[in-house]
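Take a look at the structure set out below.
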């Protein structure tokens, strides 16, 4: 476990810093332009100065080879993007603004060359897109690629939207289209070459877009009574929101924004429904709105469709209503690592 | 990778919360006694309210089976304690106060019973000892035990001690005794039953004590010009401190607080010196003090010995001076995962 004579880890940290960090001046206490981080990588810990009157948002996420991605299927660039996007999505789900992140990376020595450069490229693009700066991290050698990302965000005090605020009668909304990411994964696993629309569908799986602007708008305007991001699938995640709010919910299958047909993909409408109900990794927002505020929710916010899919109820269970009017309990069918 | 029908992960999270978290009231916005966390586990992210006038300290650490500990050698209780102690030690090294932590845990299903209870027991003891509250985390199933801990701490603005402030002429100090943790690991690996003093020596390896009070005192009194914790071994870590400060350093072998003799252990003085120079995992503090402040550094602070071991120099290299007066370059010989 111990006893080496060299500085391999420091070289790696230098490269990560060069790709993502700000330029550091080792002899001076750094006071860079960004107002959040006051001292970045290269010390025992990072220092940051929170904005007065804000609360901090703290979240972390695993992203593990074999569990969350496959080395031979997922481009390194996508792994870099997605490891940050997933954690940033939790900040979006509170209505917050991401500020900085910590990257814990373990990987085999043979991936420290081109693979890591592409990984850092995707991560850099994500960090810029989400305005989330690298604050520090930890690296080590490992047979498999292990990633853990912690994101620190901020939000005005008292404005964060929790999962627990949904009340009977509230309308249930989702952003975007559900099941696309899961379908993208299924396509990725077929080993077929994917072109045109079938190639485009991969984008949602490989490069998810956390709904930051939408989340911030809903929180700022106090439109969402409860909110979370859809990471494990609607059936599992809506259940969590209802459980936290001590309510039930009903979903209309016909209202779900889903994939309906894709030439040559073998997709049929039942498949589309199953993907929308149980598919993971969409990183769309699931939120509830008081009935009286319904008119204030547009059909799309900054190009992202917003769809009313059901209602919060008094009972504790979840119901799914089909087109023919029949209802049946909606069981959690999303992803759970411990029963997989 | 996906497609289960059950709530295994939530049960696990519930148990972690029960063992470590505050009681949650799912229907109310939590405003508990602790002034830092304002909403803990059970949402997309945790919310915290930083203390006005403070800077945040952010750090994360891997703790991985096979890399940092061995499942069959290290008690689960020690793994729980140590995963938090290591990350808290980075906060101590800045002079800060730990506030809360995020726990990312991946483990095999068969360890979710008694093993995990013991793990959580050690973690709870550490969380209480360091006054560092669980804020949230992520769990998943994995063949091997993977742990990542992020700690958030605080310190009065401008008081954090960086690695970069050492100047030629400053005295180099260490806390505690060096090499004990590495020796403990060597003993643990012998498979012999360890009793008496040889058993006691394991404690430093299994249950390290981050030097929080010492770090806070040095920062508060502005006594340390530079500081870091000793995690990879003095020869590697002093090199990092000197590099960040753009200086060199010389260490007197004779001054090093080290293990000298331990009946029946086969330990001799050269072995003790090698352990003190290159042994990892001590989590003692390495710090530098202006010559004029030397008299203000006691021989021990709250029971922890403080020892002057050398001096900061103008040149860039590290020198080791032996008892006979001969000096030789001190090469980094501490732990580095990428050359191991």
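Residue numbers (my numbering), protein chains in the order written: chain A, 68 to 407; chain B, 68 to 407.
We put the beta carbon where it would ideally sit given N, CA and C, even for glycine.
- Query: If you draw a straight line from the alpha carbon of residue 73 (chain B) to that of residue 133 (chain B), how long is it in whole angstroms?
  - Reply: Any answer about residue 73 (chain B) is weak, because its pLDDT of 42 lies below 50 and its placement is not dependable; what the coordinates show is given next. Cα to Cα, the separation comes out at about 30 angstroms.
- C-beta atoms of residue 301 (chain B) and residue 248 (chain B) nearer than 8 angstroms: The Cβ atoms of residue 301 (chain B) and residue 248 (chain B) do not sit closer than 8 angstroms to each other.
- Message: Tell me the rounded alpha-carbon separation between residue 122 (chain B) and residue 117 (chain A).
- Response: Here the alpha carbon of residue 122 (chain B) sits roughly 7 angstroms from the alpha carbon of residue 117 (chain A).
- Item | Span separating the alpha-carbon of residue 80 (chain B) from that of residue 127 (chain B) | Near 20 angstroms, if we compare the C-alpha coordinates of residue 127 (chain B) and residue 80 (chain B).
- Item | Between the CA atoms of residue 192 (chain A) and residue 186 (chain A) - distance to the nearest angstrom | Rounded to whole angstroms, residue 186 (chain A) to residue 192 (chain A) spans 10 angstroms at the Cα level.
- Query: Given that a residue counts as buried once 16 or more other Cβ atoms are within 10 Å of its Cβ, and exposed if not, what is residue 411 (chain A)?
  - Reply: An answer regarding residue 411 (chain A) cannot be provided, because it is not within the stretch 68 to 407 covered by chain A.
- Message: Would residue 165 (chain A) and residue 220 (chain A) be called neighbours here (beta carbons separated by less than 8 angstroms)?
- Response: Result yes, Cβ atoms of residue 165 (chain A) and residue 220 (chain A) sit closer than 8 angstroms.
- Message: Within 8 angstroms of any Cβ in chain A, is that where the Cβ of residue 284 (chain B) sits?
- Response: Interface criterion not met: the Cβ of residue 284 (chain B) is under 8 angstroms from no Cβ in chain A.
- Query: Closer than 7 angstroms, Cβ to any Cβ of chain A: which residues of the region 97-129 of chain B, in chain order?
  - Reply: Hits within the stretch, in order: 105, 106, 109, 110, 111, 112, 113, 114, 115, 116, 117, 119, 122, 123, 124, 125, 126, 127, 128, 129.
- Item | residue 360 (chain B) (DSSP reduced to helix, strand or coil) | Note: residue 360 (chain B) maps to helix in three-state DSSP.
- Message: Tell me the rounded alpha-carbon separation between residue 97 (chain B) and residue 239 (chain A).
- Response: With a pLDDT of 43 at residue 97 (chain B), under the threshold of 50, the modelled position of that residue is not reliable, and no figure is offered here.
- Proximal residues of chain A, C-beta to C-beta of residue 138 (chain B) below 7 angstroms: Chain-ordered listing is empty here: chain A has no CB closer than 7 angstroms to the CB of residue 138 (chain B), the nearest sitting near 13 angstroms.
- Task: Could you list which residues in chain B have their beta carbon closer than 7 angstroms to that of residue 202 (chain A), in chain order?
- Result: Residues of chain B passing the Cβ test: 125.
- Query: Given residue 113 (chain A), which residues of its chain have a CB within under 8 angstroms of its CB, disregarding the five upstream and five downstream residues?
  - Reply: These residues qualify, in order along the chain: 104, 106, 107, 167, 169, 202, 203.
- Message: Assuming residue 114 (chain A) is part of the beta strand (DSSP E), what are its boundary residues?
- Response: Unbroken beta strand (DSSP E) run through residue 114 (chain A): 113-115.
- Message: Quick check on DSSP: helix, strand or coil for residue 108 (chain B)?
- Response: Reduced to three states, the DSSP call for residue 108 (chain B) is coil.
- Looking at chain A, which residues of the region 331-347 of chain B have a Cβ within less than 9 angstroms of any of its Cβ atoms? If the cut-off is 9 angstroms between Cβ atoms, the region 331-347 of chain B has 345, 346, 347 near chain A.
- Message: Nearest by alpha-carbon distance to residue 83 (chain A): which of A:312, A:180, A:353 is it?
- Response: The shortest Cα separation from residue 83 (chain A) among A:312, A:180, A:353 belongs to A:180.
- Task: Could you tell me which chain A residues have their CB closer than 8 angstroms to the CB of residue 161 (chain B), listed as they occur along the chain?
- Result: Those within 8 angstroms of residue 161 (chain B) in chain A are 110, 111, 112, 114.
- Extent of the continuous beta strand (DSSP E) to which residue 372 (chain A) belongs: Residues 371-380.
- Simplified DSSP assignment, three categories, for residue 322 (chain A): Three-state DSSP puts residue 322 (chain A) in a helix.
- Message: Less than 8 angstroms between CB atoms is the rule here; does residue 80 (chain B) satisfy it with respect to chain A?
- Response: With 8 angstroms as the cut-off, residue 80 (chain B) does not count as an interface residue toward chain A.
- Which two residues bound the contiguous beta strand (DSSP E) that contains residue 201 (chain B)? 200-208 is the span of the beta strand (DSSP E), which, as asked, contains residue 201 (chain B).
- Task: Could you check the C-alpha separation between residue 320 (chain B) and residue 163 (chain B) for me, to the nearest Å?
- Result: Rounded to whole angstroms, residue 320 (chain B) to residue 163 (chain B) spans 30 angstroms at the Cα level.
- Item | Residues that DSSP places opposite residue 129 (chain A) in a beta bridge | In the DSSP output, where bridge partners are listed per residue, residue 129 (chain A) has A:215.
- Keeping to the same chain, check which residues put their C-beta closer than 7 angstroms to that of residue 209 (chain B); ignore five residues upstream and five downstream. The residues are 173, 174, 175.
- Message: Spatial neighbours of residue 303 (chain B) within its chain, please: C-beta separation below 6 angstroms, excluding the five flanking residues on both sides.
- Response: Contacts found: 399, 401.
- Using the beta-carbon count (16 or more within 10 Å), is residue 257 (chain B) buried or exposed? Burial call: exposed.
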